[in-house]
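Undergrad: Here it is, the structure in full.
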Amino acid sequence: MTLIVVTGMPGSGSSTVIKGALILNEKGAEFTLLNYGDVMFEVARDAGLVEKRDGMRKLPNEKQQEIQRLAGDKIVEWKKSTNLIIDTHCTIKTPSGYLPGLPDYVLREIKPDQFVLIEANPDEILARRQTDKTRERDVEDEKGIEEHQFMNRAISMAYACLTGAPVKIIQNHDGEVEKAAKEFFELMKVLPKA
Amino acid sequence: MTLIVVTGMPGSGSSTVIKGALILNEKGAEFTLLNYGDVMFEVARDAGLVEKRDGMRKLPNEKQQEIQRLAGDKIVEWKKSTNLIIDTHCTIKTPSGYLPGLPDYVLREIKPDQFVLIEANPDEILARRQTDKTRERDVEDEKGIEEHQFMNRAISMAYACLTGAPVKIIQNHDGEVEKAAKEFFELMKVLPKA
Amino acid sequence: MTLIVVTGMPGSGSSTVIKGALILNEKGAEFTLLNYGDVMFEVARDAGLVEKRDGMRKLPNEKQQEIQRLAGDKIVEWKKSTNLIIDTHCTIKTPSGYLPGLPDYVLREIKPDQFVLIEANPDEILARRQTDKTRERDVEDEKGIEEHQFMNRAISMAYACLTGAPVKIIQNHDGEVEKAAKEFFELMKVLPKA
Numbered sequence: 270m271t272l273i274v275v276t277g278m279p280g281s282g283s284s285t286v287i288k289g290a291l292i293l294n295e296k297g298a299e300f301t302l303l304n305y306g307d308v309m310f311e312v313a314r315d316a317g318l319v320e321k322r323d324g325m326r327k328l329p330n331e332k333q334q335e336i337q338r339l340a341g342d343k344i345v346e347w348k349k350s351t352n353l354i355i356d357t358h359c360t361i362k363t364p365s366g367y368l369p370g371l372p373d374y375v376l377r378e379i380k381p382d383q384f385v386l387i388e389a390n391p392d393e394i395l396a397r398r399q400t401d402k403t404r405e406r407d408v409e410d411e412k413g414i415e416e417h418q419f420m421n422r423a424i425s426m427a428y429a430c431l432t433g434a435p436v437k438i439i440q441n442h443d444g445e446v447e448k449a450a451k452e453f454f455e456l457m458k459v460l461p462k463a
Numbered sequence: 270m271t272l273i274v275v276t277g278m279p280g281s282g283s284s285t286v287i288k289g290a291l292i293l294n295e296k297g298a299e300f301t302l303l304n305y306g307d308v309m310f311e312v313a314r315d316a317g318l319v320e321k322r323d324g325m326r327k328l329p330n331e332k333q334q335e336i337q338r339l340a341g342d343k344i345v346e347w348k349k350s351t352n353l354i355i356d357t358h359c360t361i362k363t364p365s366g367y368l369p370g371l372p373d374y375v376l377r378e379i380k381p382d383q384f385v386l387i388e389a390n391p392d393e394i395l396a397r398r399q400t401d402k403t404r405e406r407d408v409e410d411e412k413g414i415e416e417h418q419f420m421n422r423a424i425s426m427a428y429a430c431l432t433g434a435p436v437k438i439i440q441n442h443d444g445e446v447e448k449a450a451k452e453f454f455e456l457m458k459v460l461p462k463a
Numbered sequence: 270m271t272l273i274v275v276t277g278m279p280g281s282g283s284s285t286v287i288k289g290a291l292i293l294n295e296k297g298a299e300f301t302l303l304n305y306g307d308v309m310f311e312v313a314r315d316a317g318l319v320e321k322r323d324g325m326r327k328l329p330n331e332k333q334q335e336i337q338r339l340a341g342d343k344i345v346e347w348k349k350s351t352n353l354i355i356d357t358h359c360t361i362k363t364p365s366g367y368l369p370g371l372p373d374y375v376l377r378e379i380k381p382d383q384f385v386l387i388e389a390n391p392d393e394i395l396a397r398r399q400t401d402k403t404r405e406r407d408v409e410d411e412k413g414i415e416e417h418q419f420m421n422r423a424i425s426m427a428y429a430c431l432t433g434a435p436v437k438i439i440q441n442h443d444g445e446v447e448k449a450a451k452e453f454f455e456l457m458k459v460l461p462k463a
């Protein structure tokens, strides 16, 4: 089955773009949407490591890596029966720096067919974060967002190299979410599906 | 034997730089020049998958990856008896995004000793493409070329990390092709050769 | 035990930042500081390949890679009994281009838990190099330093992907070395230690 990994930093609007594409795809091939962070949280909660989702980022890196791996196992199970879209992050900004969202040992397990980076301009991302009260956000200014986006692009090419899968960049500028959703939908149509 | 991988996006003039260096090298160690795309095309044509070279980029990624791998096998055969220069792309811009030219499974097979990126300024590349009517070109503007060049540099460092081989950037600015060819020739002289 | 890899290009002041952090850490967990270049030099000198440290960069890449690997073996030995900080380079600028400081085969051996990039502005790095007479420096201008820093960031994300370890960027601007040292010290406190 086909596995598309969609990444976007907080404020990029990646989840909204995916949902828009799935609506356009209503009559197309079946895709199941999973949020990597949700899967990780379920794994961590079941193991008694955290109570709230935001507690995840306070876990030591070693624990986060173990949970990443266990979440990967779950995704491999899902992939056996359905096409998947995984909503996740290229890197997670932690007090220890940029933590890779999809390290080698996870990539080799889940074997993505396609990577998608949802991006926006740093000022757009910053403004969206300031109005987003639903989750705790790390403090990051425009220069920090630019640096973060650089690191995301760089690591996406390591992901591409290790898997052979292509990386598509989709811009989700203010007021253009439908255009971004359509672009992602067109990509879904091109991919081979079971 | 020594294997040098030279990459450049369409309009970078990488093929011209290589040819210039080979003329300077006339009395030097023997090098055979192979174009990865040509080898891939031969493989694909022999398998009845395409008729024309430009049809390659319209194949599904899965097929392109299979052909990449088979072309890698051919290169390993050549490498047994001669020093090689492979003319190829860091990434290929496809409708699915940036497809890695040398994914992990190809790199581990062909084991390059040296990577070379031939670059030019985005405006130079754009102008060269507009006068180049010999092959179909995807539409890409200056900003797109800049992004493509970024992704090429990023993935070249993944290639370096996986192989241990260094990455040399050579600028091929307008009117300076001889300088670029000489720079590449100097690099060829430094490399250990069988 | 914990292994922190700290990288900085010549003039970034990485060694000074590390020393400052170790002073702050005086009463903390034990860390042994190793310079990868020193370990490589010892290995190379013992093998009769070089006499002076600066002779290292004139060795063919193949020899440098062999020495990298042997130095990795030594580090693995150290790591069995102490927490380590390795002072090294993301990439080394050689006549053959950007040579990876930590290729895949070294990373898999030493298994770092944390990467740190010590950076400064290109003009700061250039000025520091001009007053540093203790070692031979390759000629590199501001644009070259910017390019080098780009390649270092890019390869650091390949390192992160292959190991699962995070990458922390610490700015060491003029007159702010104590701030940089404190930032690194805070990072040392967060890491799990044996």
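Protein chains in written order, with the working numbering: chain A, 270 to 463; chain B, 270 to 463; chain C, 270 to 463.
Cβ coordinates follow ideal geometry from the N, Cα and C atoms, glycine included.
1. Does P369(A) come out as helix, strand or coil in the three-state DSSP assignment?
2. Starting from V312(A) and walking both ways along the alpha helix (DSSP H), at which residues does that stretch end?
3. Are the beta-carbon atoms of D382(B) and L272(B) separated by less than 8 Å?
4. With distances taken from CA atoms, which of A434(A), G366(A), C430(A) and V312(A) is nearest P435(C)?
5. So, is the C-beta of A313(B) closer than 8 Å to a C-beta in chain C?
6. Rounded to a whole number of angstroms, what is the C-alpha to C-alpha distance between L293(B) and L460(B)?
7. Compare the C-alpha of V275(B) against each of I355(B), T301(B) and T351(B) and name the closest.
8. What residue range does the beta strand (DSSP E) around V446(B) cover?
9. Could you tell me if M385(A) is buried or exposed, where buried requires 16 or more neighbouring beta carbons within 10 angstroms of its beta carbon?
10. With the cut-off set at 8 Å, would you say M270(C) and N330(C) are in Cβ contact?
11. Are the C-beta of Q334(A) and some C-beta of chain C separated by less than 8 Å?
12. In terms of residues, what are the limits of the beta strand (DSSP E) holding T271(C)?
13. Looking only at its own chain, which residues have a Cβ that is under 8 Å from the Cβ of Q334(B), when we skip the five neighbours before and after it?
14. Let me see if you follow: with CB-CB separation under 8 Å, is I359(C) close to chain A or not?
15. When you compare the CB of V375(B) with every CB in chain C, is at least one pair closer than 8 Å?
16. Give the interface partners of L353(C) over in chain A, defined as CB-CB distance under 7 Å, in chain order.
17. Below 8 Å on the Cβ atoms is my contact criterion, and I expect G317(A) with A389(A) to pass it. Report the Cβ-Cβ distance as a whole number of Å.
18. For S425(C), which residues from the same chain have a beta carbon less than 8 Å from its beta carbon, with the 5 sequence-adjacent residues on both sides left out?
19. Answer yes or no: does any C-beta atom of chain A fall closer than 8 Å to that of A429(B)?
20. Take the Cβ of V308(B) as the centre, count every other Cβ of all protein chains shown within 10 Å, and call the residue buried at 16 or more, exposed below.
21. Can you look up T248(C) in the DSSP assignment and give me helix, strand or coil?
22. So which residues on chain A does Y367(B) lean against when the C-beta distance must stay under 7 Å?
23. Does the beta carbon of R422(B) come closer than 8 Å to any beta carbon on chain C?
24. Looking only at DSSP bridge pairs, what is L386(A) linked to?
25. Taking DSSP's pairing of strands, which residues face K362(A) in a bridge?
26. In chain order, what residues of the same chain lie with their CB nearer than 7 Å to the CB of E405(C), ignoring the 5 residues before and after it?
27. Give me the Cα-Cα distance between M420(B) and G370(B), rounded to the nearest whole angstrom.
28. Check this for me: beta carbons of R254(B) and T363(B), under 8 Å apart or not?
29. Do I287(A) and F453(A) have their CB atoms nearer than 8 Å?
30. Can you name the residues of chain B whose CB is closer than 7 Å to the CB of V459(A)?
31. Which same chain residues, not among the five before or five after L303(A), have their C-beta less than 8 Å away from its C-beta?
32. To which residues of the same chain is R429(B) closer than 8 Å at the C-beta, ignoring the five residues directly before and after it?
33. Less than 8 Å between the beta carbons of R398(C) and G289(C), yes or no?
34. Any Cβ of chain C within less than 8 Å of the Cβ of D318(B)?
35. Put L291(C) into one of helix, strand or coil per three-state DSSP.
TA: In terms of the structure at hand:
1. In the first sequence, residue 369(A) corresponds to position 100, counting from 1. Correct three-state label for P369(A): strand.
2. Residue numbering aside, residue 312(A) sits at position 43 when the first sequence is read from its first letter. Segment Y305 to D315, the alpha helix (DSSP H) holding V312(A).
3. Taking the first residue of the second sequence as 1, we reach residue 382(B) at position 113. Taking the first residue of the second sequence as 1, we reach residue 272(B) at position 3. In this structure, the beta-carbon distance from D382(B) to L272(B) falls below 8 Å.
4. The residue given as residue 435(C) occupies position 166 in the third sequence. Among A434(A), G366(A), C430(A) and V312(A), the Cα nearest to that of P435(C) is on G366(A).
5. Working through the second sequence from its first residue, we reach residue 313(B) at position 44. So no, A313(B) is outside the interface.
6. Within the second sequence, the letter at position 24 stands for residue 293(B). Within the second sequence, the letter at position 191 stands for residue 460(B). Those two C-alpha atoms are separated by around 15 Å.
7. Counting from one through the second sequence, the residue named residue 275(B) turns up at place 6. Ranking I355(B), T301(B) and T351(B) by Cα distance to V275(B) puts I355(B) first.
8. Residue mapping note: residue 446(B) aligns to position 177 of the second sequence, counting from 1. Unbroken run through V446(B) is the alpha helix (DSSP H), V446 to V459; no beta strand (DSSP E).
9. Walking along the first sequence from the start, residue 385(A) turns up at place 116. According to the sequence provided, residue 385(A) is Val. The question's Met does not apply to it. With 16 or more other Cβ atoms within 10 Å, it is buried.
10. Numbered from its first residue, the third sequence carries residue 270(C) at position 1. Numbered from its first residue, the third sequence carries residue 330(C) at position 61. It is not a contact, given that the beta carbons lie outside the stated cut-off.
11. Walking along the first sequence from the start, residue 334(A) turns up at place 65. Answer yes: the Cβ-Cβ gap between Q334(A) and chain C drops below 8 Å somewhere.
12. In the third sequence, the residue the question calls residue 271(C) occupies position 2. Where T271(C) is concerned, there is no enclosing beta strand (DSSP E), given that its DSSP letter is neither H nor E.
13. Taking the second sequence and counting its residues from 1, the one referred to as residue 334(B) is at position 65. Listed in chain order, the non-local C-beta contacts of Q334(B) below 8 Å within the same chain comprise P372, local neighbours out to five positions each way being set aside.
14. If you number the third sequence from 1, residue 359(C) lands on position 90. Per the sequence shown, the amino acid found at residue 359(C) is Cys instead of Ile. It does not; no Cβ of chain A falls within 8 Å.
15. Locating residue 375(B) in the second sequence gives position 106, where the first residue counts as 1. So, not an interface residue.
16. Walking along the third sequence from the start, residue 353(C) turns up at place 84. In chain order: nothing, as chain A lies at least about 17 Å away.
17. What you label residue 317(A) is simply residue 48 of the first sequence in a count that begins at 1. What you label residue 389(A) is simply residue 120 of the first sequence in a count that begins at 1. Between A389(A) and G317(A) the Cβ distance is about 37 Å, and since that is not below 8 Å, they are no contact.
18. On the third sequence, residue 425(C) is found 156 positions in, with the first residue counted as 1. Hits under 8 Å: T276, C359, F384, L386 and V436.
19. Residue numbering aside, residue 429(B) sits at position 160 when the second sequence is read from its first letter. So, not an interface residue.
20. Here residue 308(B) corresponds to residue number 39 of the second sequence, with the count starting at 1. Using a 10 angstroms sphere on the CB of V308(B), the tally of other CB atoms reaches 16 or more, which defines it as buried.
21. No information on residue 248(C) is available, as it lies outside the stretch 270 to 463 that chain C covers here.
22. Your numbering for residue 367(B) matches position 98 in the second sequence. Within chain A, the residues near Y367(B) are A429, P435 and V436.
23. The count along the second sequence starts at 1 and reaches residue 422(B) at position 153. Cβ-Cβ to chain C under 8 Å: yes for R422(B).
24. One-based indexing of the first sequence puts residue 386(A) at position 117. Partner(s): T276(A) and I438(A).
25. Your numbering for residue 362(A) matches position 93 in the first sequence. K362(A) is bridged by DSSP to Y367(A).
26. As a working mapping, residue 405(C) is identified with position 136 in the third sequence. Interpretation of E405(C) is limited by its pLDDT of 47, a score under 50 that renders its predicted location unreliable; the figure taken from the coordinates is listed afterwards. Cβ neighbours of E405(C) beyond the five flanking positions: D323.
27. Translated into the one-based positions of the second sequence, residue 420(B) becomes position 151. Translated into the one-based positions of the second sequence, residue 370(B) becomes position 101. Between M420(B) and G370(B), the C-alpha separation is close to 12 Å.
28. The structure shown does not extend to residue 254(B), since chain B is modelled only from 270 through 463, so no value can be given for it.
29. For this step, residue 287(A) is matched to residue 18 along the first sequence. For this step, residue 453(A) is matched to residue 184 along the first sequence. Their beta carbons are under 8 Å apart, which means I287(A) touches F453(A) by this criterion.
30. If you number the first sequence from 1, residue 459(A) lands on position 190. Correct list: P364 and S365.
31. Here residue 303(A) corresponds to residue number 34 of the first sequence, with the count starting at 1. Closer than 8 Å at the Cβ level, and outside the excluded window around L303(A), lie I344, W347, L353, I354, I355 and D356.
32. As a position in the second sequence, residue 429(B) is number 160, starting the count at 1. Looking at the sequence itself, residue 429(B) is Ala, so the reference to Arg does not match. Counting only Cβ-Cβ distances below 8 Å, and skipping sequence neighbours, we find F384, P435 and V436.
33. For the purposes of this step, residue 398(C) is identified with residue 129 of the third sequence, where counting begins at 1. For the purposes of this step, residue 289(C) is identified with residue 20 of the third sequence, where counting begins at 1. It is not a contact, given that the beta carbons lie outside the stated cut-off.
34. For the purposes of this step, residue 318(B) is taken as the residue at position 49 of the second sequence. Reading the sequence as shown, one finds Leu at residue 318(B) and not Asp. No, its Cβ sits nowhere closer than 8 Å to a Cβ of chain C.
35. As a working note, residue 291(C) is residue 22 in the third sequence. Residue state, collapsed to three classes: helix.
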